[in-house]
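Engineer: Protein chains in written order, with the numbering used here: chain A, 1 to 112; chain B, 1 to 112.
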């Protein structure tokens, strides 16, 4: 059974700080990794995706992937109250398998 | 505008009364999926489809049916709904198994 683990939080950070969200996964064959943001009662929306080891930056967001250690993280710089949401980590397996595994999400609270 | 459209958005019904939740995407995506989201359990995949007439079970397929007669549509059918199928349902699509998913706005089902 593939597993994706996230700390449920809540993670509370002050406005302007860096929020660090972490995710570990069990399937070493996993190939693609996604971070989605979900506001309460709304649908998940893509924040970042990463396929290769290392860092990938997009504006205030940086995704970090370490396949050897089987973890992927999301850094949010200059956190804003509007970043307060649940962040879902999702992991896809090798090609031919289309059963993405989602973590249960980390709740982030950015307080003014 | 690229989108995934689900209907209805909300439905309250009774045990045993067959219902269908429709899903349509306008991005010519090959892959489509249905998820349910329950508090504390995260997103779990019900069924997915890799192309027309190709469907397969996800992690929690019991009590559900799907069909993929056209590329753009992927309806979810509950032949005999039961209260344990009360949940928030999302349809999603993507161009292939390693690309991010686009989610619909969700359907909140209550089975009494």
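Just so it is clear, CB atoms sit at the ideal spot from N, CA and C, and this is done for glycine as well. Keep in mind that this is a model prediction, so the values were computed, not measured.
Starting from residue 56 of chain A, follow the beta strand (DSSP E) in both directions and report where the run begins and ends.
Structural biologist: It spans 54 to 58 - the beta strand (DSSP E) in which residue 56 of chain A sits, taken as one unbroken run.
Engineer: Could you check whether the Cβ of residue 26 of chain A sits closer than 7 angstroms to any Cβ belonging to chain B?
Structural biologist: Closer than 7 angstroms: no.
Engineer: Using a Cβ cut-off of 7 angstroms, pull out every chain B residue sitting near residue 44 of chain A, in sequence order please.
Structural biologist: Per Cβ cutoff of 7 angstroms: 103.
Engineer: In the DSSP assignment, find the beta strand (DSSP E) that holds residue 111 of chain A and state where it starts and stops.
Structural biologist: 106 to 111 is the extent of the beta strand (DSSP E) around residue 111 of chain A.
Engineer: I'd like to know whether the C-beta of residue 90 of chain B is nearer than 7 angstroms to at least one C-beta of chain A.
Structural biologist: By this cut-off, residue 90 of chain B is an interface position.
Engineer: Looking at the structure shown, is residue 84 of chain B part of a helix, part of a strand, or coil, going by DSSP?
Structural biologist: Helix at residue 84 of chain B.
Engineer: Determine the closest residue to residue 53 of chain B out of B/39, B/86, B/8, B/74, with distance taken between C-alpha atoms.
Structural biologist: With distances taken between Cα atoms, residue 53 of chain B lies closest to B/74.
Engineer: In chain B, which residues lie with their C-beta within 8 angstroms of the C-beta of residue 99 of chain A?
Structural biologist: Near residue 99 of chain A (Cβ distances below 8 angstroms), the residues of chain B are 45, 48, 58, 59.
Engineer: Who are the near neighbours of residue 102 of chain A in its chain, counting only those whose CB is closer than 6 angstroms to its CB and skipping five residues on each side?
Structural biologist: Here the set comprises 88, 90.
Engineer: Using the rule of at least 16 other Cβ atoms within 10 Å of the residue's Cβ for burial, across every protein chain shown, is residue 2 of chain B buried or exposed?
Structural biologist: By the neighbour-count rule (16 or more Cβ atoms within 10 Å), residue 2 of chain B is not buried but exposed.
Engineer: Please work out which residues of its chain come closer than 6 angstroms, Cβ to Cβ, to residue 88 of chain B, disregarding the five sequence neighbours upstream and downstream, and give them in chain order.
Structural biologist: Once the five neighbours on either side are set aside, the close Cβ partners of residue 88 of chain B are 37, 106, 108.
Engineer: Of the choices A/66, A/70, A/18, A/104, whose alpha-carbon is the least far from that of residue 25 of chain A?
Structural biologist: The shortest C-alpha separation from residue 25 of chain A is found at A/70.
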